[in-house]
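Chemist: Under UniProt numbering, the first residue of the sequence shown carries the number 1, and numbering increases by one thereafter. The C-beta atom is built at its ideal place from N, Cα and C for all residues, glycine as well. Below are the structure tokens for one structure; questions will follow.
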Amino acid sequence: EKPGQRPKERLHCTSLTSSCETDFDCLDYLKCCSFNCMKTCLDPYTEPCLLLPKPGDCHDKKKRFFYNPKNHRCMNFVYQGCHGNVNNFLSKMNCRTACASVFKKGQCPLFPFNNLMECPNMCRSDYDCPRTDKCCDSTCGFVCAKAWKFKSDHCLCKPKNCFKIEEPECQQDYDCKMQEKCCSLCGLKCLAPWA
Numbered sequence: 001e002k003p004g005q006r007p008k009e010r011l012h013c014t015s016l017t018s019s020c021e022t023d024f025d026c027l028d029y030l031k032c033c034s035f036n037c038m039k040t041c042l043d044p045y046t047e048p049c050l051l052l053p054k055p056g057d058c059h060d061k062k063k064r065f066f067y068n069p070k071n072h073r074c075m076n077f078v079y080q081g082c083h084g085n086v087n088n089f090l091s092k093m094n095c096r097t098a099c100a101s102v103f104k105k106g107q108c109p110l111f112p113f114n115n116l117m118e119c120p121n122m123c124r125s126d127y128d129c130p131r132t133d134k135c136c137d138s139t140c141g142f143v144c145a146k147a148w149k150f151k152s153d154h155c156l157c158k159p160k161n162c163f164k165i166e167e168p169e170c171q172q173d174y175d176c177k178m179q180e181k182c183c184s185l186c187g188l189k190c191l192a193p194w195a
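What follows is the structure, given as structure tokens:
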């Protein structure tokens, strides 16, 4: 299995269209994921609902819906039947359900596992949080938290064994200079990204 988190399936699917079976059916760092009732190769570092709509290049004309992150709405477009992407929903309701939690840029901060107390659920989506805060899983309920900014590109694969975890150099990408990213590699370090 390749590194990276798969997006969770957000719809109730009665059937699944499949273009891959395992991660190794996918190019480069892409992973075989179930999303929008399709099993397909996705970038594990990109939110599927933030992909630009891709009408495809066949000759069908199907009314579909895509999530538009600029206005936080599901909008219709004409899908031509093939070579689209997963930001392509059969109904406005499916689009809203799948993309309900995708509202604000940034990444949730890491929450420590110690000192857990009462577990409140302060929010259910980014819309429940002020300004640019995001609704994040704190390992003890969902809370509004200041979003971490992150840089595109990808960190190198984490080694299988770490004999020593070093003192962290960074907490988020913007703690690092220029193009470097904050990567988990036996401790958080500023490193040049993997292209």
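Tell me which residue opens and which closes the alpha helix (DSSP H) that Asn94 is part of.
Modeler: Translated into positions along the sequence shown, residue 94 becomes position 94. Per DSSP, Asn94 belongs to the alpha helix (DSSP H) from 92-99.
Chemist: Put Phe66 into one of helix, strand or coil per three-state DSSP.
Modeler: What you label residue 66 is simply residue 66 of the sequence shown in a count that begins at 1. The three-state reading of DSSP puts Phe66 in strand, counting E and B together.
Chemist: Any idea which residues DSSP pairs Leu191 with across the strands?
Modeler: Numbered from 1 along the sequence shown, position 191 holds the residue referred to as residue 191. Answer is Lys181, bridged to Leu191.
Chemist: Hey, out of Ala145, Asp23, Asn36, whose CA is closest to Leu16's CA?
Modeler: Sequence index remark: in the sequence shown, residue 16 carries index 16 (1-based). Of the candidates Ala145, Asp23, Asn36, the one whose C-alpha sits nearest the C-alpha of Leu16 is Asn36.
Chemist: Would you list the residues sitting across from Leu42 in a DSSP beta bridge?
Modeler: Here residue 42 corresponds to residue number 42 of the sequence shown, with the count starting at 1. In DSSP, Leu42 forms a bridge with Lys31.
Chemist: I believe Cys49 touches Cys20 by the beta-carbon criterion, under 8 Å. Please report the beta-carbon distance rounded to the nearest angstrom.
Modeler: Position 49 of the sequence shown holds residue 49. Position 20 of the sequence shown holds residue 20. In fact, because the Cβ distance is near 20 Å, the residues do not count as touching under 8 Å.
Chemist: Measuring alpha carbon to alpha carbon, tell me which of Arg131, Asp126, Asp153, His154 ends up nearest Val143.
Modeler: Taking the first residue of the sequence shown as position 1, residue 143 is located at position 143. Closest option to Val143, Cα to Cα, is Asp126.
Chemist: Can you tell me whether Lys70 is buried or exposed? The criterion is at least 16 other CB atoms within 10 Å of its CB, across all chains shown.
Modeler: Taking the first residue of the sequence shown as 1, we reach residue 70 at position 70. That one is exposed.
Chemist: Between which two residues does the beta strand (DSSP E) holding Asp137 run?
Modeler: Reading the sequence shown from its first residue, position 137 is the one you call residue 137. Start and end: 134-137.
Chemist: Pull up the distance between the alpha-carbon of Asn115 and that of Gly81, whole angstroms please.
Modeler: Position 115 of the sequence shown holds residue 115. Position 81 of the sequence shown holds residue 81. Confidence in Asn115 is poor, its pLDDT being 48 and thus under 50, which makes the residue's placement unreliable; the coordinate value appears in the next sentence. Approximately 52 Å, taken between the alpha carbons.
Chemist: Can you check whether the CB of Cys170 is closer than 8 Å to the CB of Cys182?
Modeler: For this step, residue 182 is matched to residue 182 along the sequence shown. For this step, residue 170 is matched to residue 170 along the sequence shown. It is a contact, given that the beta carbons lie within the stated cut-off.
Chemist: Keeping to the same chain, check which residues put their C-beta closer than 8 Å to that of Lys54; ignore five residues upstream and five downstream.
Modeler: Here residue 54 refers to the residue found at position 54 of the sequence shown. If we look at Lys54 and ignore the five residues flanking it on each side, its Cβ neighbours are His83, Gly84, Asn85, Asn87, Asn88.
Chemist: For Phe163, does the three-state DSSP call read helix, strand or coil?
Modeler: For this step, residue 163 is matched to residue 163 along the sequence shown. Looking at Phe163 - three-state DSSP - the assignment turns out to be coil, as it is neither helix nor strand.
Chemist: Assuming Cys144 is part of the beta strand (DSSP E), what are its boundary residues?
Modeler: Walking along the sequence shown from the start, residue 144 turns up at place 144. Segment 142-145, the beta strand (DSSP E) holding Cys144.
Chemist: Using DSSP with H/G/I as helix, E/B as strand and the rest coil, what is Cys49?
Modeler: The residue labelled residue 49 in the question sits at position 49 within the sequence shown. The answer is helix: DSSP assigns Cys49 an H, G or I state.
Chemist: Can you find the residues in the same chain that come closer than 8 Å, C-beta to C-beta, to Leu90, ignoring five residues on each side of it along the sequence?
Modeler: Within the sequence shown, residue 90 is the residue found at index 90, counting from 1. Excluding sequence neighbours, Leu90 sits near Arg64, Phe65.
Chemist: Determine, for Gly84, whether the minimum Cβ-Cβ distance to residues of chain C falls below 8 Å.
Modeler: This model lacks chain C altogether; it includes just one protein chain.
Chemist: With which residues is Arg73 paired in a DSSP beta bridge?
Modeler: Within the sequence shown, the letter at position 73 stands for residue 73. DSSP lists Asn68 as partners of Arg73.
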